[in-house]
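> Got a structure for you, questions after.
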């Protein structure tokens, strides 16, 4: 009874907090199950037709049609649904964060094209190939690079793939496998890192949720306390390394890797690659001297420019903000860990990554002109060709955001919560929250949005059942990891889309092969993580057993993709 009272009171608070949220609650009540039809239609059609753009368009239109039925007839709603669709697309692009993501995506495409034309990508591929002499070492290097770029998942997905793709291609590693390594390290490591673009958002949600129950808390300390219980993130990072080390795969990934090893086909026949730099005439001229510096310097400019830019942008934001105590703190000790963390958390990753990519492009153009590889006019043509490669990514992102806006207005998440979260036993709470987060994230395509929806509900519910700090940490962690799990499974997720782009992989092929692994790791996180922990098994023992199980999982259930074993 207590749990239902909490949910009712929270939904009442939500319905009174603003017009858009109130409309979502009304739609959820009025349309019920129909609110989940648009995202489900987009997802199911994407898998059946393998055409992401058409599937997303149908999903958006169906949602817009349902919303239009609130005020219009069955026939006139078709016209108003079309208008609604175009308005959502315009709103998605007009959003400053989304606009920054589109700009950074296109700009990084231009940067990668310049690096390729200068011979930098080929040079670094040849250098890494001397060290990465097998599929095992190539994948482990890719995994290590994904861990290294811990501070932002977008920077991770847009950087690791183009750098490592020539190496993994040479080692006959499928594009599906490469995109999985990229995707499976990006959000999980950014969600764990003590300093990242995620931390500020996450601790803000924790702080706001605790304010609902009028309980003082150090939100950063509360976030740090969840790290040992972020089972999905931790186990996924271990699994990526383990499957690379054992050179064993299972499920659809095994078929993809076997195809790549035996037939030399890095992607299936008829695949719709998200970006295809090889077909754009961007290979270096035969007379071009291959220099690793032509790749390392522009890419490091991007990485360190993003790192420094996030700190500076956050620092400036805090100084111009209303938190005078925090502003005084970072002025007195700007390079203290707490100040760096606060500045980094307040940085606008969307615009900073665009700025860093633009700076990297300028550096690359300057280097190419100095080395007489191309003129300024030729450099700009190369840059535009690289940006053009990613137009399809920009279109898909815009449609995915539009669908997210439609789903938000429909109240899909509100209906899911009210349907699935009405009665939860204490020992199952974190499991239910994890699954609920996954369902919402899968349907909406956004881990950030899912965290924002669930955190204000999860913390009051957990506190009402058991205010013990350990219990609270476990359930907060379930929100953070459930959202990432659902995001990994969703073909309408922006990070999943960007991972496909970075690996130059067919997006549906990436999603189809990744889901099998994501679900497997999620089941381990539940059965060997959340459940035993809530039943009294010590946390260190749960983590240790989980490590061992995940590490040997490919060895036990996987089939070898070592060329010596399968030939």
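Numbering (the working numbering), first residue to last: 2 to 568.
Yeah, the Cβ is synthetic: ideal placement off N, Cα and C, and Gly gets one too.
Closest by CA to residue 193, which one among 287, 515 and 479?
479
> Could you check how far apart the C-beta atoms of residue 186 and residue 235 are, in whole angstroms? I think they sit under 8 Å.
That belief does not hold up - the Cβ atoms of residue 186 and residue 235 are roughly 12 Å apart, past 8 Å.
> Judging by CA-CA distance, which residue of 172, 550, 302 and 285 is the nearest neighbour of residue 363?
302
> Taking the Cβ atom as the reference point for each residue, do residue 413 and residue 444 lie within a distance shorter than 8 Å?
yes
> Express the C-alpha separation of residue 526 and residue 70 in angstroms, rounding to a whole number.
42 Å
> Evaluate the contact criterion for the region 76-86 versus the region 329-337: three or more CB pairs, one atom per stretch, below 8 Å.
no
> Find out if the Cβ-Cβ distance for the pair residue 157, residue 150 is shorter than 8 Å.
yes
> For residue 119 versus residue 285, is the C-beta distance shorter than 8 Å?
yes
> Taking 8 Å as the threshold (C-beta atoms), are residue 427 and residue 467 in contact?
yes
> Can you check whether the CB of residue 554 is closer than 8 Å to the CB of residue 243?
yes
> Does the beta carbon of residue 407 sit closer than 8 Å to a beta carbon anywhere in chain B?
Within the model displayed, chain B is absent; a lone protein chain is all it includes.
> Mind reading off the beta-carbon distance from residue 474 to residue 232? Whole number of angstroms is fine, and I expect it under 8 Å.
Residue 474 to residue 232, Cβ: 12 Å. No contact.
> Quick check: what's the CA-CA separation for residue 33 versus residue 220?
If you draw a straight line from the Cα of residue 33 to the Cα of residue 220, it comes to about 35 Å.
> When DSSP builds the beta bridges, which residues end up paired with residue 507?
274
> Return the Cβ separation of residue 487 and residue 433 in integer angstroms, given the expectation that the two are a contact with Cβ distance under 8 Å.
About 14 Å; that fails the 8 Å criterion.
> Can you name the start and end residues of the alpha helix (DSSP H) that residue 453 belongs to?
448-466
> Which residues mark the beginning and the end of the alpha helix (DSSP H) in which residue 184 is found?
176-193
> Which of helix, strand or coil does DSSP assign to residue 474?
helix
> Can you name, in chain order, every residue of its own chain whose Cβ lies under 8 Å from the Cβ of residue 523, other than the five neighbours on each side?
233, 435, 439 and 486
> Taking only three categories from DSSP, how would you classify residue 560?
strand
> Please check the pair residue 46 and residue 59, which I expect to be a contact at CB under 8 Å, by giving their CB distance rounded to whole angstroms.
That pair is a contact at about 6 Å.
> Answer yes or no: do residue 293 and residue 128 have a C-beta to C-beta separation smaller than 8 Å?
yes
> List the endpoints of the continuous alpha helix (DSSP H) containing residue 332.
In this chain, the alpha helix (DSSP H) harbouring residue 332 covers 325-333.
> Could you tell me if residue 155 is buried or exposed, where buried requires 16 or more neighbouring beta carbons within 10 angstroms of its beta carbon?
buried
> With a cut-off of 8 Å on the beta carbons, I'd call residue 174 and residue 261 a contact; round off their distance for me.
6 Å
> In this structure, how does DSSP classify residue 250 when only helix, strand and coil are distinguished?
strand
> Return helix, strand or coil for residue 489, following the three-state DSSP convention.
helix
> Leaving out five residues before and five after residue 376 in sequence, what residues of the same chain have Cβ atoms less than 8 Å from its Cβ?
370
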